[in-house]
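J.:
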Amino acid sequence: MNILLVEDERPLALTVLKILRQAGFTVTWADDGEKGYEAGKNSPWDLVILDVLLPKKSGWDILTGLRSAKVNTPILMLTAMDEVGDKVKGLDMGADDYLPKPFETPELIARINALLRRDKAHKGQIIQIADLVIDRKSHLVTRGGKEISLTRREYDLLEALAINEGRVLSRETIQERVWSDDEAFSNTVEVFVSTLRKKIDAPFDKKLIQTVVGFGYTVRAGA
Ligand code: CA
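First residue of the sequence shown: 9, per my numbering; consecutive thereafter.
Given below as structure tokens:
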């Protein structure tokens with residue numbers, strides 16, 4: 009497993025490098041934002057650990073840049089700013105998880121392993137979230153073993169949310185990914201989420217599609 013660590017605080021970086029190498033990971037260290045961004049964009053990493061406050065380019069800018077360059081590598085943000093607002097901002101911008109500094113070693117390793125597991129599960133042909141199963145090759149969707157018939161757009165929307173399980177996608181992000189070059193009206197995403205909910209969630213007790221007020225939507229099994 010190849011991990012890119014983007015962190016400018018040398019003592020912290022050296023500690024993390026040591027911990028991760030002991031845990032069996034191969035780790036490359038970038039000590040400023042520009043190097044981190046270039047490395048993140050140009051190599052296939054299994055995971056990127058990204059600090060927020062960095063010289064030359066901030067962690068937020070790197071995150072946004074990588075996501076708009078269609079780099080889907082899992083990104084774990086590290087930051088001293090442990091306010092909820094920053095966390096939501098990071099997740100909305102496409103980070104996969106967020107770990108406030110200072111952190112304990114077992115916590116870091118646990119988060120990394122969880123992200124790698126999730127990413128592996130979602131790179132495959134079959135995505136399973138609770139009893140919802142999506143076959144990305146045949147576009148067959150079932151819940152509790154029953155086939156659910158979706159239109160092309162509904163399927164694309166569900167797949168975009170499911171690939172990013174647990175990650176909040178803003179309406180703008182969804183619009184960009186699902187409707188790409190089409191002119192979309194501002195309420196299109198809401199309308200499609202609503203029809204998708206009728207098919208995916210309404211007949212079942214456990215609701216998978218969640219609204220994050222003021223930010224967007226997410227699919228998660230644990231709600
Ligand atoms: Ca820093």
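Glycine included, every Cβ here is placed at the ideal spot set by N, Cα and C.
Answer yes or no: do E173 and V227 have a C-beta to C-beta separation smaller than 8 Å?
T.: Taking the sequence shown and counting its residues from 1, one reaches residue 173 at position 165. Taking the sequence shown and counting its residues from 1, one reaches residue 227 at position 219. Yes; because the gap between Cβ atoms is below 8 Å, this pair is in contact.
J.: Check whether the segment 116 to 123 and the segment 131 to 147 are in contact - that is, three or more C-beta pairs closer than 8 Å.
T.: Judged by Cβ distances under 8 Å, the segment 116 to 123 makes no contact with the segment 131 to 147, as fewer than three pairs qualify.
J.: Please list, in chain order, all residues of the same chain as L158 whose beta carbon is under 7 Å from its beta carbon, the five residues on each side excluded.
T.: One-based indexing of the sequence shown puts residue 158 at position 150. Hits under 7 Å: V149, L166, K207.
J.: Beta-carbon within less than 7 Å of K21's beta-carbon, same chain only, minus the 5 sequence neighbours each way: which residues are those?
T.: Along the sequence shown, one-based indexing puts residue 21 at 13. According to the sequence as given, residue 21 is Ala; it is not Lys. Once the five neighbours on either side are set aside, the close Cβ partners of A21 are L13, E15, W37, D39.
J.: To which residues of the same chain is H147 closer than 7 Å at the C-beta, ignoring the five residues directly before and after it?
T.: Taking the first residue of the sequence shown as 1, we reach residue 147 at position 139. Hits under 7 Å: Y163.
J.: Ignoring anything shorter than 3 residues or poking outside the segment 17 to 88, list the beta strand (DSSP E) runs there in chain order.
T.: Complete beta strand (DSSP E) runs here, min 3: 34 to 38, 55 to 59, 83 to 87.
J.: Mind checking which residues open and close the alpha helix (DSSP H) that includes L169?
T.: The residue labelled residue 169 in the question sits at position 161 within the sequence shown. 160 to 171 is the extent of the alpha helix (DSSP H) around L169.
J.: Counting C-beta neighbours from all protein chains within 10 Å, is the total for T34 16 or more, i.e. buried, or is it exposed?
T.: Residue numbering aside, residue 34 sits at position 26 when the sequence shown is read from its first letter. So T34 ends up on the exposed side.
J.: Just the C-alpha distance for R175 and R18, rounded to the nearest angstrom, thanks.
T.: In the sequence shown, residue 175 corresponds to position 167, counting from 1. In the sequence shown, residue 18 corresponds to position 10, counting from 1. Each residue's Cα considered, the two are about 30 Å apart.
J.: Considering Cα atoms alone, identify which of K214, I27, V79 is closest to K49.
T.: As a first step, residue 49 must be located in the sequence shown, where it is residue number 41. Checked all of K214, I27, V79; the closest Cα to K49 is V79.
J.: Just checking D40 against ligand 2 - is the residue's beta carbon closer than 7 Å to any of the ligand's heavy atoms?
T.: Ligands in the displayed structure: ligand 1; ligand 2 is not one of them.
J.: At which residues does the alpha helix (DSSP H) containing R119 begin and terminate?
T.: Within the sequence shown, residue 119 is the residue found at index 111, counting from 1. 113 to 131 is the span of the alpha helix (DSSP H), which, as asked, contains R119.
J.: Say the cut is 7 Å; is the CB of L71 nearer than that to a heavy atom of ligand 1?
T.: Reading the sequence shown from its first residue, position 63 is the one you call residue 71. Not under cutoff, so the answer is no.
J.: What residues sit near ligand 1, counting only those whose C-beta is closer than 6 Å to one of its heavy atoms, in chain order?
T.: Here the list is D16, E17, D59, L61, L62.
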